[in-house]
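Enquirer:
There are 2 protein chains.
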Amino acid sequence: MAATEELYREYKNKMQRIADIKYAHAVLQWDQETYLPPKGAFRRGQQLSTLSEMSHQLFSEDALGELLQELISRGDLTENQKRNTELTLEDYTKNKKYSSALVRALSDQTNKAFHSWIEARKQNSFSVFEKDLAGMVSLKIEEASVLGFEQHPYNALLNEFEKGSTVALLDGVFSGLLPPLKELLFKILAAPQVDDSFLRQHFPKQQQWNWGMHLLKQLNFDFEAGRQDVSEHPFSTSFNANDVRLTTRIDETDFSNMTWSCIHEAGHGLYEQGLPEDEYGLPLGEACSYSIHESQSRLWENNVGRGKAFWQYHFPALQQYLPGQFATVDSNQFYKGINKVQPSLIRTEADEITYHFHVYIRYELEKQLLEGAIKTADIPVFWKEQYKNLMDITVPDDYQGCLQDVHWSHGSFGYFPTYSLGSLYAAQFYDAARVQIPSLTQELAQGHTLSLLQWLRTQIHSKGKMYTSEELCKRITGKPLDAGFFVSYLLQKYQPIYNL
Amino acid sequence: MAATEELYREYKNKMQRIADIKYAHAVLQWDQETYLPPKGAFRRGQQLSTLSEMSHQLFSEDALGELLQELISRGDLTENQKRNTELTLEDYTKNKKYSSALVRALSDQTNKAFHSWIEARKQNSFSVFEKDLAGMVSLKIEEASVLGFEQHPYNALLNEFEKGSTVALLDGVFSGLLPPLKELLFKILAAPQVDDSFLRQHFPKQQQWNWGMHLLKQLNFDFEAGRQDVSEHPFSTSFNANDVRLTTRIDETDFSNMTWSCIHEAGHGLYEQGLPEDEYGLPLGEACSYSIHESQSRLWENNVGRGKAFWQYHFPALQQYLPGQFATVDSNQFYKGINKVQPSLIRTEADEITYHFHVYIRYELEKQLLEGAIKTADIPVFWKEQYKNLMDITVPDDYQGCLQDVHWSHGSFGYFPTYSLGSLYAAQFYDAARVQIPSLTQELAQGHTLSLLQWLRTQIHSKGKMYTSEELCKRITGKPLDAGFFVSYLLQKYQPIYNL
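Line order of the protein sequences matches chains A and B.
Each residue of the first sequence is one higher than the one before, counting from 242 in this note's numbering.
Each residue of the second sequence is one higher than the one before, counting from 242 in this note's numbering.
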């Protein structure tokens, strides 16, 4: 009988081969969003489908399943080896449920839907996207039934992005979160408003780019192990811990757009750069979950990057990078301006409070689409009603309404809730960080973010998938996820800004 | 029994899946040369090896061989279908000779050798590269014996780059080519020299880039189906006819470097953009051969792009793009300067005559390495001797000597001779083009290159692999390859420049 070490090496080799193909897929996707010439889109879609199918096939081989069973039955696995093999078996079992036909159907539909979404945005008409989206919803319903679920088909999809997440749990989270947010929003809107007009001047492209690169360096993003490029929608991706790609977009009339998307994507990127490189291809080499990933981007973007201490240090540098635009603004006005709260149309540009209304609307919509309570054709009407009800704003068209997010064209149903969970985890982690690094605020005010990064590396990044989100949260903060941390963070921040 | 059409569709699907993986590999290589952060190199190497192995495995499946045999036995294939299946079977049979172990060994050795070549260049020391190169040579000898050969192991490798090419044939080509080149070179060196000092001023990066992009557009390179980026060494690659990538490098002290590398790579790129897109993944969707590929880059670079007519039109635009540097030069001085003949150290910067001495030295070296007549450790001495003997120049160091080409680190033994063949084909094709498009010179002098491109599209690009190099040459020019066309092209060009 083969030694455990030998079998484990065989398992690792198999997983790394699969990872090689998955990451090749990710390189092709990154290229698609950054540099692909327009006519290349058709064959690129095929190439992506083929790679998806290949990695799916390799990950479905019976020999892998048998190897995993054998390894798990051995008593001499280390703790890490045990965790890796158990998580892999879980994924393997799930993956086996997908037929090659379904994998290719999902991949093909993604390509179709992505291109019709692009076209629909060009024409500012949801109806151009509707048919392909309906096809996607049907496929996701099929996927949910293939995966299996209790109570609600949406649960199967939610579980893909956040293990254990369900409609019942999320309904609970949102019903605990939305009322205090509404109350705070109401008070803020009734108070004298802050001025943020200086954020909407002309900011030349190259100067913004330089400023963004400066910020990434300040945040200790490692440019030997990553890079930044431009794409229509900012995102981060990685092909291993030593090759992490961020993208940004530059709007010359809006300073906020690029700056906080840089910090946000850097948060994702720093997490990826901190994952254990020697666990490449294995669960312990991967991020804990989508919501923990988002907690990292949110923590850097908001808790740090919209904080007073951070700008105390960085505002003078900003004045150098964009001389003129901020000459008559002081650091305190700037701090208030970048934290202005205002109901708005676009999720990615929303403030820290109203952001969660955007997420909730998408969550409700997905839930109802999956249970068949509404049809894809009804989305624009639903969208307008919800924005009116929740934030009292009028959605003028589809481009600024239900066509704004790429997620559905990618088939990512169940993803949005992780954005809210991410903010909640971020607030709870940041609270713990401030206790455990007493000098944190002072350090940020001196431009030092390395203690915080090292704390996150130790507590979160280096752990990979060792723990679930919930376990990680308890280990770090001593408590399960509690929206109260986020609410009190908001109160402490916004009461002084709006003199409430 | 299945209908031929159905079987053919099955064959096409299989081939397109393999192509998807091969082109994914090419995307990862392109990224490696353009944008990969340094620390990402290690895992990228693994990813490339895995993809090579995957496509090799798929192309070795017995079912494909049986399908090909069955298809070829059918009497109702179209001419195109017949050619595709026959060429595929030929490749299939060859591919079957490679074990997965050899494929991975070659891929791994390529990664190792590429990185030690980079390091050797940094340290300007061949010895840093020598061990990995020796490993590569051993593998290539193994490969030659796996492939099988008559008379000389080098023949097996030459055949990979140019079907039917052998040591005997190439010895013949070079012995017909080198004596007249030497004679012409001797006369030129004895004549009064032309001035090209204006090519070595300061040419700012951004202005050169803009100029290069302008030239690519003028040459009708389709930027909807391709792009240009920067890499350390210019190259072209393509992921299908609608996604062709060129790269260039910019030397601020040398005008020639970027301009003619742009035109050269554009020649390759125009060929790729002209291949039949509906034959994606099949031989008829691929370029005829390496030497025909090179004929396209050489034809645009030299026959067109170093020609008098071309610069008659483009020189005024150049003076606009780089105002100052060419203010005191006229179009005729410029034409003479860019065609200055001078023995030099670096192949890619050589003039049209001495270029072939560079190629010949590499050819001889590879031949002797493969037969074991010299060892890798002897390369620097061999190199210096040959450069002294053939061109009477002293090679000062390895960086400017035997470390200058990337090819060996990639395992591309047998590639170099196609460069000379490319020039010969280019001259012969260009001669035919001038006969068949009587207004060609006049059109070039008016900045129009579309007739020539369309002629090349019809005669060469659209044919894919329908004919061998030799057949194509006969169809287009009525004659087999004849170095005489190249020699008389050189004489007609250089006699007036040097008043011989």
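Beta carbons are placed, not taken as given, at the ideal position from N, Cα and C, and that holds for glycine.
For Gln609 of chain A and Gly389 of chain A, what's the separation of their Cα atoms in angstroms?
Expert: 18 Å
Enquirer: Using a Cβ-Cβ cut-off of less than 8 Å, list which residues of the segment 461-479 of chain A approach chain B; keep chain order.
Expert: Asp463, Phe464, Glu465, Ala466, Gly467, Arg468 and Asp470
Enquirer: What are the boundary residues of the alpha helix (DSSP H) that includes Gly510 of chain A?
Expert: Phe496 to Gln514
Enquirer: Counting only beta-carbon atoms, is Met707 of chain A nearer than 8 Å to chain B?
Expert: no
Enquirer: Starting from Leu742 of chain B, find everything on chain A with Cβ-Cβ shorter than 7 Å and list it in chain order.
Expert: Chain B is shown only over 242 to 741; residue 742 of chain B falls outside these bounds and no answer can be derived.
Enquirer: Counting only runs that start and end within the segment 399-478 of chain B, where is the alpha helix (DSSP H) found for 4 or more residues in a row?
Expert: Within the segment 399-478 of chain B, the complete alpha helix (DSSP H) segments at least 4 residues long are 408-431 and 446-459, listed from N- to C-terminus.
Enquirer: Comparing alpha-carbon positions, which option in A:Gln459, A:Ile429, A:Gly725 and A:Asp470 lies nearest Gln447 of chain A?
Expert: Of A:Gln459, A:Ile429, A:Gly725 and A:Asp470, the residue nearest in Cα terms is A:Asp470.
Enquirer: Report the option in B:Glu294, B:Gln298, B:Leu328 and B:Ser366 whose CA atom is closest to the CA atom of Gln310 of chain B.
Expert: B:Leu328
Enquirer: Figure out for me which residue from A:Gly688, A:Lys255, A:Lys363 and A:Asn325 has the closest Cα to the Cα of Pro557 of chain A.
Expert: Out of A:Gly688, A:Lys255, A:Lys363 and A:Asn325, A:Gly688 has the C-alpha closest to the C-alpha of Pro557 of chain A.
Enquirer: With a cut-off of 8 Å, do at least 3 Cβ pairs link the segment 577-588 of chain A to the segment 705-714 of chain A?
Expert: no
Enquirer: Who are the neighbours of Val268 of chain B on chain A, taking C-beta pairs under 9 Å?
Expert: Ordered by position in chain A, the residues that pass the 9 Å Cβ test against Val268 of chain B are Ala265, Val268, Leu269, Asp272, Arg285 and Gln288.
Enquirer: Residues bridged to Asn481 of chain A by DSSP?
Expert: A:Asp484
Enquirer: Secondary structure at Thr682 of chain B, three-state DSSP: helix, strand or coil?
Expert: helix
Enquirer: For Thr275 of chain B, which of helix, strand or coil comes out of DSSP?
Expert: helix
Enquirer: By DSSP, does Thr489 of chain A sit in helix, in strand, or in coil?
Expert: Thr489 of chain A falls in the strand class under three-state DSSP.
Enquirer: Can you give me the Cβ contacts of Gln449 of chain A inside the same chain, cut-off strictly under 7 Å, excluding the 5 residues immediately before and after it?
Expert: Ile491 and Met499
Enquirer: Are any of the Cβ atoms in chain A nearer than 8 Å to that of Thr291 of chain B?
Expert: Yes, contact with chain A.
Enquirer: Lys280 of chain B versus chain A: which residues are under 8 Å apart at the beta carbon?
Expert: Asp463, Glu465, Ala466, Asn483 and Asp484
Enquirer: Can you look up Glu620 of chain A in the DSSP assignment and give me helix, strand or coil?
Expert: With the sequence shown as reference, residue 620 of chain A is identified as Ile, and Glu is not the correct amino acid for it. DSSP places Ile620 of chain A in helix when its eight states are reduced to three.
Enquirer: Decide if the segment 354-361 of chain B is in contact with the segment 292-299 of chain B; the criterion is three or more beta carbon pairs, one per stretch, under 8 Å apart.
Expert: no
Enquirer: Put Val636 of chain A into one of helix, strand or coil per three-state DSSP.
Expert: Coil.
Enquirer: Kindly list the residues whose CB is nearer than 6 Å to the CB of Ser661 of chain B, restricted to its own chain and excluding five residues on each side of it in sequence; keep chain order.
Expert: His597 and Val600
Enquirer: Looking at Lys337 of chain B and Ser301 of chain B, is the spacing between their C-beta atoms short of 8 Å?
Expert: For Ser301 of chain B and Lys337 of chain B, yes; Cβs fall inside 8 Å.
Enquirer: Going by beta carbon distance, what residues of the same chain come within less than 7 Å of Phe727 of chain B, once the five residues before and after it are set aside?
Expert: Ser664, Leu665 and Ala668
Enquirer: Could you tell me whether the Cβ of Tyr521 of chain B comes closer than 8 Å to any Cβ of chain A?
Expert: yes
Enquirer: If the cut-off is 7 Å on Cβ atoms, which residues from the segment 354-371 of chain B count as contacting chain A, listed in chain order?
Expert: none
Enquirer: Between the alpha carbons of Pro279 of chain A and Ala618 of chain A, how many angstroms are there, rounded?
Expert: 29 Å
Enquirer: Whole angstroms are fine: how far does the CA of Leu343 of chain B sit from the CA of Gly467 of chain B?
Expert: 34 Å
Enquirer: Could you tell me the distance, in whole angstroms, from the CA atom of Asp317 of chain A to the CA atom of Lys323 of chain A?
Expert: Whole-angstrom Cα-Cα distance: 9 Å.
Enquirer: Okay, do the segment 550-565 of chain B and the segment 683-703 of chain B touch, 3+ Cβ pairs below 8 Å being the bar?
Expert: The segment 550-565 of chain B, when compared against the segment 683-703 of chain B, does touch it at the 8 Å Cβ threshold.
Enquirer: Quick one, which residues of the segment 253-264 of chain A are near chain B if we go by CB-CB under 8 Å, in chain order?
Expert: Gln257, Arg258, Asp261, Ile262 and Tyr264
Enquirer: Which same chain residues, not among the five before or five after Ser532 of chain A, have their C-beta less than 7 Å away from its C-beta?
Expert: Glu403, Thr659, Leu662, Gly663, Tyr666 and Ser710
Enquirer: Under 7 Å Cβ to Cβ from Phe623 of chain B, same chain only, skipping five residues before and after it: list those, please.
Expert: Leu606 and Ile615
Enquirer: Buried or exposed for Pro475 of chain A, please, with buried defined as at least 16 other CB atoms from any protein chain shown within 10 angstroms of its CB.
Expert: buried
Enquirer: Step through the CB atoms of chain B and report whether any lies within less than 8 Å of the CB of Tyr276 of chain A.
Expert: yes
Enquirer: Can you tell me where the alpha helix (DSSP H) with Pro564 of chain A in it begins and where it stops?
Expert: Careful: Pro564 of chain A lies outside any alpha helix (DSSP H) and carries neither H nor E.
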